[in-house]
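To start, the structure itself, in structure tokens.
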Amino acid sequence: QKEVEQNSGPLSVPEGAIASLNCTYSDRGSQSFFWYRQYSGKSPELIMSIYSNGDKEDGRFTAQLNKASQYVSLLIRDSQPSDSATYLCAVNPSLNAGNNRKLIWGLGTSLAVNP
Amino acid sequence: DGGITQSPKYLFRKEGQNVTLSCEQNLNHDAMYWYRQDPGQGLRLIYYSQIVNDFQKGDIAEGYSVSREKKESFPLTVTSAQKNPTAFYLCASSITGGGGELFFGEGSRLTVL
Numbered sequence: 062q063k064e065v066e067q068n069s070g071p072l073s074v075p076e077g078a079i080a081s082l083n084c085t086y087s088d089r090g091s092q093s094f095f096w097y098r099q100y101s102g103k104s105p106e107l108i109m110s111i112y113s114n115g116d117k118e119d120g121r122f123t124a125q126l127n128k129a130s131q132y133v134s135l136l137i138r139d140s141q142p143s144d145s146a147t148y149l150c151a152v153n154p155s156l157n158a159g160n161n162r163k164l165i166w167g168l169g170t171s172l173a174v175n176p
Numbered sequence: 018d019g020g021i022t023q024s025p026k027y028l029f030r031k032e033g034q035n036v037t038l039s040c041e042q043n044l045n046h047d048a049m050y051w052y053r054q055d056p057g058q059g060l061r062l063i064y065y066s067q068i069v070n071d072f073q074k075g076d077i078a079e080g081y082s083v084s085r086e087k088k089e090s091f092p093l094t095v096t097s098a099q100k101n102p103t104a105f106y107l108c109a110s111s112i113t114g115g116g117g118e119l120f121f122g123e124g125s126r127l128t129v130l
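Here it is, written out as structure tokens:
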């Protein structure tokens with residue numbers, strides 16, 4: 062059973078700090094990785110995708126991928142109260158896993174940014 | 018504006034009744050998906066379609082049915098066979114069937130009384 066694991070939180074950080082969200086996955090052959098943000102009662106919204114090892118930056122967000130260690134992280138710099146949400150990690154499994162490339166979702170980490 | 022429209026946003030039904038949730042997209046995406054979200058259980062795939070007139074069962078297809086007669090539309094019927102239908106239902110689409118970068122509708126919250 063392929064899995065994606067996230068700490069459920071809540072992760073609480075003060076406004077202006079760096080929030081660090083982590084995700085580990087079990088399928089070593091996974092190809093692509095995504096972070097979605099979901100505000101309470103709303104639908105998920107894609108904020109970052111990453112496909113190769115290393116860092117990818119987009120504004121205040123940085124995704125980090127380490128395939129050898131099978132983890133992907135999301136850093137949020139200068140955290141704002143508006144960043145308070147649940148962050149979902151999603152992984153596209155390997156081509157040879159015998160499945161149909163359906164995304165595997167983590168349960169999400171709840172982030173609270175305190176003013 | 019391009020996007021995905023789900024309707025209705027809130028729906029109440031009596032036990033034993035079938036319910037159809039609408040999902041329409043004008044993004045010209047090939048692939049469409051239906052997910053169910055319950056507290057503490059994350060997103061679970063019900064059905065997905067990579068092309069018109071073709072769809073595949075996801076992880077929890079029992080008690081649900083779909084159709085994909087048009088590229089833009091992917092309605093979901095929650096039948097009376099679904100044992101626990103109360104949930105938040107999310108429709109999504111992606112450019113191709115690779116499944117990674119999904120665009121979600123606003124969701125439909127179904128409550129069965």
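If you read the protein sequences in the order shown, they are chains B and L.
Read in our numbering, the first sequence has 62 at position 1, and its numbers run on one by one without any break.
Read in our numbering, the second sequence has 128 at position 111, and its numbers run on one by one without any break.
Cβ atoms here follow ideal geometry from the backbone N, Cα and C, with glycine treated the same way.
Under 8 Å Cβ-Cβ, which residues of chain B neighbour residue i?
i, result
"G75/L", "K163"
"L107/L", "S104, P105"
For residue i, go through chain L and note every residue whose CB falls closer than 7 Å to its CB, in chain order.
i, result
"P105/B", "F121"
"S93/B", "G117"
Just to confirm my understanding: we take residue i, look at its own chain, exclude 5 residues before and 5 after, and list those with CB closer than 7 Å. What are they?
i, result
"F29/L", "T128, L130"
"N160/B", "With a pLDDT of only 49 at N160/B, under 50, the local geometry of the prediction cannot be trusted, and the value read off the model is given with reservation. Hits under 7 Å: P154."
"T103/L", "L127, T128, V129"
At a CB-CB cut-off below 7 Å, which residues of chain B make contact with residue i?
i, result
"L62/L", "K163"
Apart from the five residues just before and just after residue i, which ones in its own chain have a Cβ nearer than 8 Å to its Cβ?
i, result
"Q99/B", "P105, E106, A146, T147, Y148, L149, G169"
"N175/B", "S73, V74, P75, E76, P142"
"A78/L", "I63, Y64"
Could you work out which residues of chain L lie near residue i, taking near to mean beta carbons separated by less than 8 Å?
i, result
"G70/B", "Within chain L, no residue comes near G70/B; the closest Cβ sits about 13 Å away, beyond 8 Å."
"G169/B", "G59"
Whose C-alpha, out of the options, is nearest the C-alpha of residue i?
i, options, result
"Y132/B", "C84/B, G77/B, I79/B, S73/B", "C84/B"
"G59/L", "F105/L, A48/L, K88/L", "F105/L"
"G46/L", "F121/L, E118/L, T113/L", "Strictly speaking, residue 46/L in this sequence is His, with Gly absent from that position. Checking every option, the nearest Cα to that of H46/L belongs to T113/L."
"Y64/L", "N68/B, N127/B, L164/B, D144/B", "L164/B"
"I111/B", "D88/B, G120/B, Q92/B, S101/B", "Q92/B"
"T123/B", "P71/B, G102/B, S81/B, Q67/B", "S81/B"
"I68/L", "S111/L, E32/L, I21/L, G57/L", "S111/L"
"E86/L", "E123/L, L119/L, F72/L, A78/L", "F72/L"
"A109/L", "S90/L, S97/L, A98/L, N101/L", "S90/L"
"T96/L", "K26/L, Y27/L, E32/L", "E32/L"
"D119/B", "W96/B, K128/B, K103/B, S101/B", "W96/B"
"E64/B", "L172/B, V152/B, S171/B", "V152/B"
"Y86/B", "G167/B, K103/B, G102/B, S113/B", "G167/B"
"G124/L", "K74/L, G75/L, L107/L", "L107/L"
DSSP puts residue i in a beta bridge; with which residues?
i, result
"G120/B", "In DSSP, G120/B forms no bridge with anything."
"S97/L", "Paired residues: none, contrary to the question."
"D55/L", "G59/L"
"D88/B", "Partner(s): none; D88/B has no beta bridge."
"G23/B", "With chain B covering only 62 through 176, there is no way to say anything about residue 23/B."
"R126/L", "Y27/L, F105/L"
"I68/L", "D71/L"
"E66/B", "T85/B"
"S171/B", "T147/B"
In chain order, what residues of the same chain lie with their CB nearer than 6 Å to the CB of residue i, ignoring the 5 residues before and after it?
i, result
"N43/L", "G19"
"A78/B", "S140"
"S17/L", "Because chain L spans 18 through 130 in this model, residue 17/L falls outside it and cannot be assessed."
"R138/B", "I79, R121"
"E41/L", "T22, E89, S90"
"K117/B", "I111, A124"
"G80/L", "T96, A98, Q99"
Which chain B residues sit within Cβ distance under 9 Å of residue i?
i, result
"G124/L", "G102, K103, S104"
Can you pull the chain L residues whose beta carbon is under 9 Å from the beta carbon of residue i, in chain order?
i, result
"W96/B", "Under the 9 Å cutoff, chain L gives no residues; its nearest Cβ is about 11 Å from W96/B."
"S110/B", "G117, E118"
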